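So the sequence shown is numbered by my numbering: it starts at 3 and just counts up by one.
Glycine included, each C-beta is placed from N, C-alpha and C at the ideal position.
Just so it is clear, the structure is predicted and the values come from calculations on it, not from any experiment.
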Amino acid sequence: YRLARIGNLSNIEPGTRLPLVVWFGGIHDELEKGIDGCNHEELGKCASSPFVLLAPYPPEGYMWFIKKGQKQKPFWTWVDGEYDPTSVLNMAQLIVRVVREHEEYIDSALISLVGFSAGAYAVTELLAFSDRQFHIHRVVLAGVHGHGQPDDRGISQKRRNNMDNIRNKLSL
């Protein structure tokens, strides 16, 4: 991971702790570049107050919390990948560790999670995770959509069975 202080820091008193914004990007956001993959300079121009940006890298071989399947193309991960709850725990622990290691300038009461597309999915997994051990101040989700999957053609039998189970459970 990498951290960046964003916004105008000239009026900040020494010792001021700033909000932490954790950015989870989408498939096409060059996630392996972390902070360099998002336009943090533009964020600084539009920020009403300064904050610390954390852009974690997804685990290698994963699209956030889903282990990539056989096709290895990011957009197929949702179809043939495997959800790994341990990776959610690891990400929650990373956030806690970053806040503790940088507590001199990060306000632990002001942690916001921001996710776009696949990153929005990652944020919802962290929201659902009951053992986070950090307080979430705000959540921003964008690009939350079905990516045009109108039916289950081409989805493996395992996924079809899962979809059938969900439909039966929810009486759809």
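C-alpha gap between residue i and residue j, whole angstroms
{"i": "Val101", "j": "Pro58", "result": "13 Å"}
{"i": "Glu106", "j": "Pro16", "result": "10 Å"}
{"i": "Lys70", "j": "Pro60", "result": "11 Å"}
{"i": "Asp86", "j": "Ser12", "result": "43 Å"}
{"i": "Gln151", "j": "Val116", "result": "Its pLDDT being 49, under 50, Gln151 is placed unreliably in this model, and the value from its coordinates should be taken loosely. Looking at the two C-alpha atoms, the distance is approximately 24 Å."}
{"i": "Leu56", "j": "His139", "result": "15 Å"}
{"i": "Ser114", "j": "Val125", "result": "10 Å"}
{"i": "Asp109", "j": "Asp166", "result": "44 Å"}
{"i": "Asn10", "j": "Val54", "result": "11 Å"}
{"i": "Gln135", "j": "Thr88", "result": "15 Å"}
Beta carbon of residue i nearer than 9 Å to that of residue j
{"i": "Leu28", "j": "Ala130", "result": "A small correction: the amino acid at residue 28 is Gly; Leu does not occupy that position in the sequence shown. Result no, Cβ atoms of Gly28 and Ala130 do not sit closer than 9 Å."}
{"i": "Leu128", "j": "Val90", "result": "yes"}
{"i": "Pro21", "j": "Leu112", "result": "yes"}
{"i": "Ala49", "j": "Ile8", "result": "yes"}
Element boundaries [beta strand (DSSP E), containing residue i]
{"i": "Ile29", "result": "Looking at the DSSP string, Ile29 is not in any beta strand (DSSP E), and its letter there is neither H nor E."}
{"i": "Phe53", "result": "53-56"}
{"i": "Ala144", "result": "140-144"}
{"i": "Ala6", "result": "5-8"}
Whole-number beta carbon distance between residue j and residue i, since they are thought to touch under 8 Å
{"i": "Phe26", "j": "Trp66", "result": "7 Å"}
{"i": "Leu96", "j": "Tyr3", "result": "7 Å"}
{"i": "His104", "j": "Leu5", "result": "7 Å"}
Handout entry: Complete beta strand (DSSP E) runs within the segment 101-126 (minimum length 3 residues, chain order)
Key = Runs of the beta strand (DSSP E) lying entirely within the segment 101-126, each at least 3 residues long, are 108-118 in chain order.
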